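Step one of this worksheet: look at the structure below.
There are 4 protein chains.
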Amino acid sequence: MTSRSDISAVRAALATQAVETPSWAYGNSGTRFKVFARPGVPRTPEEKLDDAARVHAHTGVAPTVALHIPWDKVDDYGALAAYARERGVRLGTVNANVFQDDDYKLGSVCHPDAAVRRKALGHLMECVDIMDATGSRDLKLWFSDGTNYPGQDDIRARQDRLSEALAAVYERLGDDQRMLLEYKLFEPAFYATDVPDWGTAYAHCLRLGEKAQVVVDTGHHAPGTNIEFIVAILLREGKLGGFDFNSRFYADDDLMAGAADPFQLFRIMYEVIRGGGFTPDIAFMLDQCHNIEEKVPAVIRSVMNVQEATAKALLVDAEALAAAQRDGDVLAANAALMDAYNTDVRPLVAEVRAELGADADPVAAYHASGYGKRIVGERVGGEQAGWGA
Amino acid sequence: MTSRSDISAVRAALATQAVETPSWAYGNSGTRFKVFARPGVPRTPEEKLDDAARVHAHTGVAPTVALHIPWDKVDDYGALAAYARERGVRLGTVNANVFQDDDYKLGSVCHPDAAVRRKALGHLMECVDIMDATGSRDLKLWFSDGTNYPGQDDIRARQDRLSEALAAVYERLGDDQRMLLEYKLFEPAFYATDVPDWGTAYAHCLRLGEKAQVVVDTGHHAPGTNIEFIVAILLREGKLGGFDFNSRFYADDDLMAGAADPFQLFRIMYEVIRGGGFTPDIAFMLDQCHNIEEKVPAVIRSVMNVQEATAKALLVDAEALAAAQRDGDVLAANAALMDAYNTDVRPLVAEVRAELGADADPVAAYHASGYGKRIVGERVGGEQAGWGA
Amino acid sequence: MTSRSDISAVRAALATQAVETPSWAYGNSGTRFKVFARPGVPRTPEEKLDDAARVHAHTGVAPTVALHIPWDKVDDYGALAAYARERGVRLGTVNANVFQDDDYKLGSVCHPDAAVRRKALGHLMECVDIMDATGSRDLKLWFSDGTNYPGQDDIRARQDRLSEALAAVYERLGDDQRMLLEYKLFEPAFYATDVPDWGTAYAHCLRLGEKAQVVVDTGHHAPGTNIEFIVAILLREGKLGGFDFNSRFYADDDLMAGAADPFQLFRIMYEVIRGGGFTPDIAFMLDQCHNIEEKVPAVIRSVMNVQEATAKALLVDAEALAAAQRDGDVLAANAALMDAYNTDVRPLVAEVRAELGADADPVAAYHASGYGKRIVGERVGGEQAGWGA
Amino acid sequence: MTSRSDISAVRAALATQAVETPSWAYGNSGTRFKVFARPGVPRTPEEKLDDAARVHAHTGVAPTVALHIPWDKVDDYGALAAYARERGVRLGTVNANVFQDDDYKLGSVCHPDAAVRRKALGHLMECVDIMDATGSRDLKLWFSDGTNYPGQDDIRARQDRLSEALAAVYERLGDDQRMLLEYKLFEPAFYATDVPDWGTAYAHCLRLGEKAQVVVDTGHHAPGTNIEFIVAILLREGKLGGFDFNSRFYADDDLMAGAADPFQLFRIMYEVIRGGGFTPDIAFMLDQCHNIEEKVPAVIRSVMNVQEATAKALLVDAEALAAAQRDGDVLAANAALMDAYNTDVRPLVAEVRAELGADADPVAAYHASGYGKRIVGERVGGEQAGWGA
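Residue numbers (the working numbering), protein chains in the order written: chain R, 1 to 389; chain H, 1 to 389; chain Z, 1 to 389; chain P, 1 to 389.
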């Protein structure tokens, strides 16, 4: 493993880490079968920011919060940004939503009807306006567009429509703004999704230009897909814009990052670091649904899981690994990687957190703080935030 | 292919076919992202029966309607049964629902808390009471029970609790009543589902006795699972109780039966027939969600797809197939099966429908009838039926 | 369905079809568990051409034969081409093989050792030399390169090496020659494959230029992948070079094309036609292993399956489909596609074959010809062709 | 985590562990594309035992070696057993092979031809004879039987034939002998495998009686299958006979146990321990192919991986876990499990090995021993062992 002298470099790198938490993770969510409401869930964007600020206070590495429009729509985004700052966090990526209006039954920017496409494009433009107001760098675009039945619509024509909408949004971006294009294998579309894989997202982003980048949601792949390979390829092509972290056993389960396959998360972070992607140019976001577990501590745990995976990846003895790879020594090379993975990095990240003024044991600190009980008591009445609001 | 003289036997068999349609297919449904409401959707169990009666009138082979409790709860089930009879259909399988109350967040009959288990069991018992009132033969049990995270609950203790509940319900069944136990790989549980595969359902049913049978939902398997093999095995073991037909490209997509892989549906029906399962002892039900398409004609199409697959399966030249199998002639045996599959059976099933007093072209007849437009005009106000109501 | 007047256009299109059969399909093949030898299997490239010529004679649409080097290495390729011509077929695509030498244990063009990479590149160059001699247009490149264990080698460095090799081969191509780059999810590499998906192949081909095109092997995808979507995208990007047809239930099963999912093959051919890909610019090849079935009739059946899928795809009523798509009528659009699929096109393709001077029932004609028995009698002694020779 | 006083119990449990290594893991293996031979590979069963003895000497927990007949056929099994004993190991499970004769192209005990079935049964009986001679307890049965094409053979008739053969072998077993029935999703059969899942194996074993038990090969499942659930169920039913450990990213990759998903291996071992399966009644075997890596150290690493997963599973704080589960505290329950998984157990298992008289660092000790170099020098000439010999 990495020598003692290098440990301080690892620690320094970890102190620079920034994981963005999503405002919607603090609200209610569920499956098509049931959304289980939880007492204490935020009712306003401000309350979501309060929760996110707790996550940052305890972990020290979650300084920004992603917004979802219209779920986080407010009259005054400047005021919202100030509210966030006062609580020690900042507004981050703006996520567009073109999948929850009745008009979008057959798609949004890929819809066969030009009027629906115009409406969807209008929303995307509005999101850039909001970015101007919040100072957000990134617009994250996920399209639920697709078809459920063979023949339902023309696959290629839908690409043409998609292309047109993306070009219009790209044109509208400011100099310091980017577009992050997300892909997803399936759901809610069940036959063909219009951006189903990294290749499709990549082809569009390539055509658009430097400000268009691909975002990798770790739950959006076919079974057996090697996600870290995609990460390595996109970094090599200069087209990786960021991550939506979560974990899955089956489909887009949206479980806590690192919960289903911690070794995979480690391998992904290893490729990020190896490919020069551990920089602010790559957005490290969570995108999760805490359907049955308490939400704030679930986000804390997820942030910690990303942090621990990063620590392990940073600990890989690059020299030993490279030497074994050069020699074609399969077992030694694998062992070099596994040595880092098998290390218990919890003491190390606890130290890092202490240095950052956060808590050695963030979950325990959260529970000790009484915050969870307080919000249950205070947030009574009103309408709880959820995917629909 | 089957000789001319045998065609009349095929036609006679097809005339006996009965596909049960689910009341909930006529209501609204969707994904976790959005339920798109559709004008004209039923607001009451009676209106669902009206729609189901249209499906039967046009196809001639959909004589019964499955109920879902509490979605189809009424004060007087005798009156509901009479209402159905007047419209030419009958009440069928009763489906229990122990997944939509807030209490069921961590499970129903497998919940760690005995009080929740009692409540769930009470609902199952109530369903048998309803069967007594409706004269339904089958109680269909699908449990969404499971866990999202490793460690969340004890896998084995949950089996013990499941076992206890099933035994209590089994005990309550009347002499002519059965319990159909459904399995499902995942969703809404994402780590471990308590009845995830046919083996688990089979083990429980075996222990319970003859009135407990396994039901195969065609959308509930892992990728690559050979469903017709399971059908053949369960028939051999005398443990196949019925089907929930639908189709899928990815997960439990609940698309129209036969829409995603018509060849698979044919192979399933072939094993049903070969294994002696084309009898009233096996319940052939649909379980689908028409999220974006018009519901009544979607059900009609699904019934037709099952019918066409059955016709093709009946057309297999059993003698030629058996001879080629005996000879180990791989290509000839495969060709014997494919010969039937490649046949256009639409004229044949049109004749069968005509004989049954239904329509040669059910979809066209439905549209010509003006029913679809009429319900849009008439069903205004009230609350549309859906998964939540 | 398509009107009567259009049927002649369909018939004319079918008469132009060309499916390339692979020389190795005529030899022995198997799984890692066992290669079952079959009497009568070719021992030389010439005998493979004899078999391929029978397939063309009976079907009328299999005019070319793909070679695999070194399996089909001969001293005089001009003589081999003449031999083919005399039998009514032509030499087609040249397939390189950089996976069966002991040197290639850790890869070929991506190997960590530059000497192995040079050797592999030398073989690729030799293949282009052979193309010069045979007059072949296409060089098909499939790399088994990859790693079995995380850490075994550097994913990104391997891409750099791959890139370098591809550039060198591209440079060597003549004006009328092309490079078809194949991708494959896994096998024989089990952790990371160096060209695992269409996106990776596309990114390389894009960089190389117009003469580099992606080839889609229908068995090389993750479960749930929508292959016809990839076809549509690659055609839109001008980067689809051809197909390796075969079929699969699980992994790269290499069964007869159309055997596992005939509906999928139809959907693929529909997108080919819709996207303007039914031209000689796209190479329609088979790549199959007839492990347990008789080889020549298995190839005949596969060619027929491709032909029938094409016929159905050509029969789609494009106008009706487009109208339903424009109206957002999901069921009508799906029905327009299914109407063509459900048609029994066997009489139609039989007519086409008759016009081409081939046989109405190619399999029956093959068996009637006595060829299968003859080769069993004649091809005694020598070493049978197989994957290893 | 487990308290200090409990650690000694963990250590004691680990000292009783026994992992059986397979004789064939020491020989050459590969994919259908290529078997890469490696210098120093054993040429005889005795040389395989030599290698296995090294694994046990270094790890202390691999005391038995599984045989594969006919690959390990010898004239005098008593002498072979004595040879093993002298080297500090014992002969273990006998594995039958009914997939590598030309007769088995269409199956063995499920073959349509009774003569082939008789031959296969004869081999199985011979394996029991060998068990009598070696004193082996377990006969492991894996059948490659299945079909590649729909219609190829009758699925149900094949079950009848299978049933008949199993009954005959069961009858032949001695009082202290068992039959372990293995299942596998696919490969080498590509359409339907005759024992494809645990349910099928379970149904047969249940009918046969107590001496028939199911064996779980961790690489033999469909994507997304929860293997530890199957383990829990089979233990609950008293029908788990043992494991074939290996790991996989895609299909039956046969990589080193714990290499692809160490968290899964931990979860499996947790269910083993929780279900009372950490006893000699359960056979813990490896079944792997070291296609590209050095074989003896690969087996050592695999044994260590199983050992480390077991250590972590033993460290789970059962009380804390049970309390959190009882409370329905999803996050706390998951955290209790993860706490053990995240522990670096390498120092602990090193201590255990030291106590057992083995090596703290087995891989380093193996390399330091010079054994690997010695066998390369000594094992020259002769025919290397492999899957085919």
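Glycine is no exception: its CB is placed at the ideal position from the N, C-alpha and C atoms. Predicted, not measured: the structure shown is a model, and the values here were computed from it.
**Asked** Should THR59 (chain Z) go down as buried or exposed, given a rule of 16 or more other Cβ atoms within 10 Å for buried?
**Response** Taking the third sequence and counting its residues from 1, the one referred to as residue 59 (chain Z) is at position 59. Result: buried.
Please return the same chain residues whose Cβ sits closer than 7 Å to the Cβ of ALA389 (chain Z), not counting the five positions on each side in sequence. Looking up residue 389 (chain Z) in the third sequence gives position 389. For ALA389 (chain Z), the predicted structure reports a pLDDT of 45, less than 50, and the residue's modelled location is therefore unreliable. A value from the coordinates is still provided. Within the same chain, ALA389 (chain Z) has close Cβ partners TRP71, GLU383.
**Message:** Spatial neighbours of TYR191 (chain P) within its chain, please: C-beta separation below 8 Å, excluding the five flanking residues on both sides.
**Reply:** Your numbering for residue 191 (chain P) matches position 191 in the fourth sequence. These residues qualify, in order along the chain: GLY146, THR147, ASN148, TYR149, PRO150, GLN152.
Practice problem: Let me know the secondary structure DSSP gives PHE266 (chain Z) once reduced to three states. | Solution: Residue 266 (chain Z) sits at position 266 when you count from the first residue of the third sequence. Helix, per DSSP.
_Under the three-state DSSP convention, the category GLY241 (chain R) falls into_ = To locate residue 241 (chain R), count along the first sequence from 1; it is residue 241. Correct three-state label for GLY241 (chain R): strand.
If you run the structure through DSSP and keep just helix, strand and coil, what is VAL169 (chain R)? The residue given as residue 169 (chain R) occupies position 169 in the first sequence. Of the three classes helix, strand and coil, the one that applies to VAL169 (chain R) here is helix, per DSSP.
### Message
Between which residues of its own chain and GLN325 (chain R) is the CB-CB distance below 6 Å, once the five residues before and five after are set aside?
### Response
As a position in the first sequence, residue 325 (chain R) is number 325, starting the count at 1. Cβ within range, chain order: ALA333.
Checklist entry - Taking all protein chains shown into account, do 16 or more other C-beta atoms lie within 10 angstroms of the C-beta of LYS105 (chain R), making it buried, or fewer, making it exposed? => result Against the first sequence, residue 105 (chain R) aligns to sequence position 105. Classification for LYS105 (chain R): buried.
Exercise for the section: Report yes or no: do the stretch 262-277 of chain H and the stretch 250-262 of chain R share at least 3 C-beta pairs separated by less than 8 Å? Expected result: no
Are there 16 or more other CB atoms within 10 angstroms of the CB of PRO42 (chain P), so buried, or fewer, so exposed?
Working through the fourth sequence from its first residue, we reach residue 42 (chain P) at position 42. The residue in question, PRO42 (chain P), is buried, as its Cβ has 16 or more Cβ neighbours within 10 Å.
Measure the alpha-carbon distance for HIS367 (chain H) versus ILE300 (chain H) and round it to whole angstroms. Here residue 367 (chain H) refers to the residue found at position 367 when the second sequence is read from its first residue. Here residue 300 (chain H) refers to the residue found at position 300 when the second sequence is read from its first residue. Going from the Cα of HIS367 (chain H) to the Cα of ILE300 (chain H) covers about 11 Å.
field: Buried versus exposed call for ASP154 (chain H) [16 or more other C-beta atoms within 10 Å across all chains shown]
entry: On the second sequence, position 154 is the one that residue 154 (chain H) refers to. Answer is buried; the Cβ neighbour count reaches 16.
Check your understanding: For PHE284 (chain Z), which residues does DSSP report across the bridge?
Key -> Translated into positions along the third sequence, residue 284 (chain Z) becomes position 284. PHE284 (chain Z) is bridged to Z:PHE243.
Worksheet item: Based on Cα-Cα distance, which residue from P:ALA120, P:ALA12, P:HIS204 lies nearest to GLU237 (chain H)?
Response: Here the question's residue 237 (chain H) lines up with position 237 in the second sequence. Per the Cα distances, P:HIS204.
If we count the other Cβ atoms within 10 Å of its Cβ and call it buried at 16 or more, is SER136 (chain P) buried or exposed?
-> As a position in the fourth sequence, residue 136 (chain P) is number 136, starting the count at 1. With 16 or more Cβ atoms within 10 Å of its Cβ, SER136 (chain P) is classed as buried.
Presumed contact (8 Å Cβ cut-off) between ALA53 (chain H) and GLY88 (chain H), rounded CB distance
Taking the first residue of the second sequence as 1, we reach residue 53 (chain H) at position 53. Taking the first residue of the second sequence as 1, we reach residue 88 (chain H) at position 88. About 5 Å; that satisfies the 8 Å criterion.
8 Å is my cut-off, CB to CB: does TYR250 (chain R) come that close to chain P? Indexing the first sequence from 1 puts residue 250 (chain R) at position 250. It does; some Cβ of chain P falls within 8 Å.
message: Is PHE263 (chain Z) close to chain H? Criterion is C-beta to C-beta, closer than 8 Å.
response: Here the question's residue 263 (chain Z) lines up with position 263 in the third sequence. With 8 Å as the cut-off, PHE263 (chain Z) counts as an interface residue toward chain H.
Short-range partners of chain Z found in the stretch 141-152 of chain P, where Cβ spacing is below 7 Å:
SER144, ASN148, TYR149
In whole angstroms, what is the alpha-carbon distance linking ASP103 (chain R) and GLU271 (chain H)?
Locating residue 103 (chain R) in the first sequence gives position 103, counting from the first residue. Locating residue 271 (chain H) in the second sequence gives position 271, counting from the first residue. Roughly 43 Å separates the two Cα atoms.
Assigned secondary structure, HIS56 (chain P) (DSSP; H/G/I helix, E/B strand, else coil):
Locating residue 56 (chain P) in the fourth sequence gives position 56, counting from the first residue. Three-state result, HIS56 (chain P): helix.
Using a C-beta to C-beta distance shorter than 7 Å, which residues of chain R count as neighbours of GLY391 (chain H)?
Past the boundaries of the shown model lies residue 391 (chain H); chain H is included only from 1 to 389, so the question cannot be answered.
Within 8 Å of chain R by C-beta, residues of the stretch 97-122 of chain H in sequence order: PHE99, GLN100, ASP102, TYR104, LYS105, LEU106
### Task
Go ahead and pull the three-state DSSP assignment for TRP387 (chain R).
If you number the first sequence from 1, residue 387 (chain R) lands on position 387. DSSP places TRP387 (chain R) in coil when its eight states are reduced to three.
Notebook entry, point to check: Name the residues in the stretch 153-184 of chain H whose C-beta lies less than 9 Å from a C-beta of chain Z; which are they?
Noted result: none
- Item | Coarse secondary structure for ASN95 (chain P), derived from DSSP in three states | Taking the fourth sequence and counting its residues from 1, one reaches residue 95 (chain P) at position 95. DSSP places ASN95 (chain P) in strand when its eight states are reduced to three.
Since GLY27 (chain Z) and ALA385 (chain Z) are thought to touch, with beta carbons under 8 Å apart, how far apart are those beta carbons, to the nearest angstrom? Walking along the third sequence from the start, residue 27 (chain Z) turns up at place 27. Walking along the third sequence from the start, residue 385 (chain Z) turns up at place 385. About 3 Å; that satisfies the 8 Å criterion.
For the stretch 290-369 of chain P, list the alpha helix (DSSP H) runs that are entirely contained and at least 4 residues long, ordered along the chain.
295-315, 318-326, 330-341, 346-355, 362-369
Exercise for the section: Return yes when the Cβ of ILE69 (chain R) is within less than 8 Å of the Cβ of ILE130 (chain R), no when it is not. Expected result: Translated into the one-based positions of the first sequence, residue 130 (chain R) becomes position 130. Translated into the one-based positions of the first sequence, residue 69 (chain R) becomes position 69. Cβ distance < 8 Å, so ILE130 (chain R) and ILE69 (chain R) count as in contact.
Say the cut is 7 Å; is the CB of VAL55 (chain Z) nearer than that to a heavy atom of the ligand SAM? Looking for the ligand SAM in the displayed structure turns up nothing, as the structure carries no ligands at all.
Review point. Could you give the C-beta distance for THR44 (chain Z) and ALA66 (chain Z), rounded to a whole number, given that I count them as a contact under 8 Å?
Key: To locate residue 44 (chain Z), count along the third sequence from 1; it is residue 44. To locate residue 66 (chain Z), count along the third sequence from 1; it is residue 66. Actually they are not in contact, since the Cβ atoms of THR44 (chain Z) and ALA66 (chain Z) sit about 16 Å apart, beyond 8 Å.
- THR134 (chain P) versus GLN213 (chain P): straight-line alpha-carbon distance, rounded: Numbered from its first residue, the fourth sequence carries residue 134 (chain P) at position 134. Numbered from its first residue, the fourth sequence carries residue 213 (chain P) at position 213. Cα-Cα distance, rounded: 20 Å.
Margin query: Residues in the same chain with beta-carbon distance under 7 Å from ASP6 (chain P), minus the five sequence neighbours each way, listed in chain order, please.
Written below: Taking the first residue of the fourth sequence as position 1, residue 6 (chain P) is located at position 6. Excluding sequence neighbours, ASP6 (chain P) sits near nothing in its chain.
State buried or exposed for LYS373 (chain H), treating a residue as buried only when at least 16 other CB atoms are found within 10 Å of its CB. For the purposes of this step, residue 373 (chain H) is taken as residue 373 along the second sequence, with counting starting at 1. Its Cβ having fewer than 16 others within 10 Å, LYS373 (chain H) is exposed.
**Prompt:** Between which two residues does the alpha helix (DSSP H) harbouring LEU235 (chain Z) extend?
**Reply:** Walking along the third sequence from the start, residue 235 (chain Z) turns up at place 235. First-last of the alpha helix (DSSP H) with LEU235 (chain Z): 227-236.
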